[in-house]
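Input: a single structure, listed below in structure tokens.
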Amino acid sequence: GAGVSQSPSNKVTEKGKDVELRCDPISGHTALYWYRQSLGQGLEFLIYFQGNSAPDKSGLPSDRFSAERTGGSVSTLTIQRTQQEDSAVYLCASSSGTSGYYNEQFFGPGTRLTVL
Amino acid sequence: AQTVTQSQPEMSVQEAETVTLSCTYDTSESDYYLFWYKQPPSRQMILVIRQEAYKQQNATENRFSVNFQKAAKSFSLKISDSQLGDAAMYFCAYVEYGNKLVFGAGTILRVKS
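As they're listed, the protein sequences go chains A and B. Heads up: the first sequence is residues 895 to 1010, going by this note's numbering. Heads up: the second sequence is residues 3 to 115, going by this note's numbering.
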């Protein structure tokens, strides 16, 4: 596709359940980012991938959160034993990562997660 | 840690008029980039304008321009000839070498017809 896509668009789950959020970056983009947008915390960085490696996972809020990227393309963010405070919009972005400094990040439409 | 502050939770502007959104940031770095992003109700983050810290000239993109004051660590966005389609949440953001974006809390812009 032409842009970053994320699925599902909306997810409602019960407290304690596990959820998986998917991100398909722009084809050829080597860098991929996850951000979380919540009412109390604003927009915050979660994790960054370069290829399949995650050199910066400093933003993951707890060990219930994990992410992986396979084939240098699709990424999955997994939240285990969801809590109500995990309710937020999860945004994914990708960039070409071809230079060492700045590469524009293109964002997907996000997944709105609601934990009941 | 770098921080970005947007002190205006909400702003209103009359259609065709000009509005300025404020942003300040804190960093010890000398080389970095600053951005304004627009987020309409669709949630899609759209890059509006970017400024490279080593450039003294203020960036301009059509009706959007910035006032970048490096010494004061200030980066405001001016929207001229405001249009109904400009209504959205606007985020100021900072990135340094290493790629992750640090965002401000956002400013909701309402455009009145």
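Every residue, glycine too, gets a C-beta built ideally from N, C-alpha and C. As the structure is a computational prediction, the values presented were derived from the model and not from experiment.
Across the set A:K905, A:E914, A:G934 and A:A896, the C-alpha of A:A896 shows the shortest separation from the C-alpha of H923 of chain A. Residue ranges of uninterrupted beta strand (DSSP E) with 3 or more members, entirely inside the segment 944-978 of chain A and ordered along the chain, are 947-950, 959-963 and 969-973.
Shown here for G936 of chain A: not one same chain residue has a beta carbon closer than 8 Å to its own, the five before and five after excluded. For G936 of chain A, the three-state secondary structure derived from DSSP is strand. Proximity of the segment 17-27 of chain B to the segment 79-94 of chain B meets the contact definition, three or more beta-carbon pairs being nearer than 8 Å. Taking C-beta atoms as the reference points, Y96 of chain B and L36 of chain B count as a pair closer than 8 Å.
Residue contact with chain A for K72 of chain B: absent (no Cβ-Cβ distance below 8 Å to any residue of chain A). Between R112 of chain B and G965 of chain A, the alpha-carbon positions lie close to 43 Å from each other.
When C-alpha distances from Y942 of chain A are compared across A:P1003, A:G991 and A:Q977, the shortest belongs to A:G991. Taking each of B:K72, B:Q71, B:E63 and B:A3 in turn and checking the Cα distance to Y39 of chain B, the smallest one comes out for B:E63.
The Cβ atoms of S988 of chain A and L915 of chain A do not sit closer than 8 Å to each other. At the C-beta level, K909 of chain A and T976 of chain A come within 8 Å of one another. Distance between T1008 of chain A and Q900 of chain A, taken at the CA atoms: about 16 Å. K114 of chain B is not a Cβ neighbour of S44 of chain B, given a cutoff of 8 Å.
Under the criterion of beta carbons closer than 8 Å, K905 of chain A and T970 of chain A do not qualify as touching, at roughly 13 Å. The beta strand (DSSP E) runs lying completely inside the segment 78-108 of chain B and spanning 3 residues or more are 90-97, given in chain order.
Against chain A, the beta carbon of V97 of chain B has neighbours under 7 Å at Y996, listed in chain order.
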